[in-house]
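Our numbering numbers the first residue of the sequence shown as 3 and each following residue consecutively.
Beta carbons: idealized from backbone N, C-alpha and C, even for Gly.
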Amino acid sequence: MDVNECLFFPELCRNGRCRNTVGSFSCRCNRGYAPDESGARCLNIDECSLAASPADVCGANGTCADTPGGFECECAKGFEVKPMAQVGPESRIVW
Ligand SMILES: [Ca+2]
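Spelled out as structure tokens, the structure:
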């Protein structure tokens, strides 16, 4: 019989959605979160450290600040924030 891991372990897929599958489960992480090594939790993506230089994220006139599930650009005086793409991968694990 299949066990619904999602109901059995409420901590699964924190910051994401747990989906029961036959014999396993999968996490669908919220936007801005990526699965950890086990695939059972979703961790905040540090967008600022993904780029070679924080200036690549927010430009030369902005300062990147990582936030849970996203990031913010603090702009130098006279500059505005422009919307950017977000990262939201999906993971599956099999037991
Ligand atoms: Ca983040």
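Contact under 9 Å by Cβ, residue i with residue j
| i | j | result |
| --- | --- | --- |
| Cys-44 | Cys-29 | yes |
| Arg-16 | Gly-72 | no |
Delimiting residues of the alpha helix (DSSP H) encompassing residue i
| i | result |
| --- | --- |
| Cys-50 | 49 to 52 |
| Cys-15 | It is not in any alpha helix (DSSP H) - Cys-15 carries neither H nor E in the DSSP assignment. |
Nearest-angstrom Cβ-Cβ length linking residue i and residue j, presumed shorter than 8 Å
| i | j | result |
| --- | --- | --- |
| Asn-63 | Ala-78 | 4 Å |
| Cys-20 | Cys-8 | 4 Å |
Check: residue i C-beta below 8 Å from any heavy atom of ligand 1
| i | result |
| --- | --- |
| Asp-58 | no |
| Gly-41 | no |
| Pro-37 | no |
| Thr-69 | yes |
Spatial neighbours of residue i in its chain, beta-carbon cut-off 6 Å, leaving aside the 5 residues before and after
| i | result |
| --- | --- |
| Asp-38 | Leu-45 |
Enclosing beta strand (DSSP E) for residue i [first to last residue]
| i | result |
| --- | --- |
| Cys-81 | Note that residue 81 is Phe in the sequence shown here, rather than Cys. Run containing Phe-81: none; DSSP gives neither H nor E here. |
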